[in-house]
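Engineer: Taking the numbering used here, the leading residue of the sequence shown gets -1, the next gets one more, and so forth. Glycine included, every Cβ here is placed at the ideal spot set by N, Cα and C. Since the model is a prediction, treat every value here as computed from it, not as a measurement. Structure below; questions to follow.
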Amino acid sequence: MAKLSLFERRRRRVRTALRKRSGDKPRLSVHRTGKHIYAQIIDDKDGKTVAAANTLGEKSSGANVDAAAKVGKDIAAAAKKAGVTTVVFDRGGFLFHGRVKALADAAREGGLEF
């Protein structure tokens, strides 16, 4: 079996810790690429995506802190519309810094609790 990359090891470690402490709360999952950032709220109990937001429709670059903050506000608004107020933040294997932190802060300002 091949060794896992550092990213993959971090992602598994974070996801395992989330499962232990999340209870029945939905998970706010973040994915970041060089050009875009994606966020979705997933109900793991039912295996369904409750709300989602991303920078795909943006005309300007989606690879900056401002775009990530906009996605955070959008995901908070979509969560409120779906009736979700409390989530568990899943940063995946990404460090809580820069765009990921900006998205989390904007989601908190938008009314999500985590």
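1) Are the region 57 to 74 and the region 88 to 106 touching, with three or more C-beta to C-beta distances below 8 angstroms?
2) What residue from L110, R8, G91 and A75 has the CA that sits closest to H29's CA?
3) Once DSSP output is grouped into helix, strand and coil, what is the label at E6?
4) Specify, as a first and last residue, the run of the alpha helix (DSSP H) that V69 falls within.
5) Could you tell me whether the Cβ atoms of V48 and V82 are closer together than 7 angstroms?
6) Quick check on E107: does DSSP put it in helix, strand or coil?
7) So, helix, strand or coil for A51, using DSSP?
8) Please classify S27 as buried or exposed, where buried requires at least 16 other C-beta atoms within 10 Å of its C-beta.
9) Which of the three DSSP states, helix, strand or coil, is assigned to S59?
Structural biologist: By the coordinates alone:
1) yes
2) G91
3) Assigned with DSSP and collapsed to three states, E6 falls in helix.
4) V63 to A80
5) Between V48 and V82, the C-beta spacing is below 7 angstroms.
6) Residue state, collapsed to three classes: helix.
7) Strand at A51.
8) Classification for S27: buried.
9) When DSSP states are grouped into helix, strand and coil, S59 belongs to the coil group.
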